[in-house]
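> Questions regarding the structure given below will be posed in turn.
In the numbering used here, the protein residues as written are 60 to 111.
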């Protein structure tokens, strides 16, 4: 859902956003259980990606 949200906000294809996301620090944080980023939902993930 975060990818879809970012795609709509930036008018970029979801595939491009996904590739950029998977290379970002936000993706690393999402898969790191110690950060609990996944706990806050898709909007929090999208906001963290925008910060990066």
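Even glycine gets a Cβ: it sits at the ideal position worked out from N, Cα and C.
Could you give the distance in angstroms between the alpha-carbon of residue 80 and the alpha-carbon of residue 86?
Going from the Cα of residue 80 to the Cα of residue 86 covers about 6 Å.
> Determine the extent of the alpha helix (DSSP H) in which residue 81 is found, giving its start and end residues.
Residues 73-81.
> Give me, in chain order, the residues of the same chain whose beta-carbon lies closer than 8 Å to that of residue 102; leave out the 5 immediate sequence neighbours on both sides.
Result list for residue 102: 61, 64, in chain order.
> Skipping 5 residues on each side, what residues in its chain have a beta carbon closer than 8 Å to that of residue 72?
Only 66 meet the Cβ criterion.
> Whole angstroms is fine: what's the gap from residue 107's alpha carbon to residue 93's?
Approximately 15 Å between the Cα atoms of the pair.
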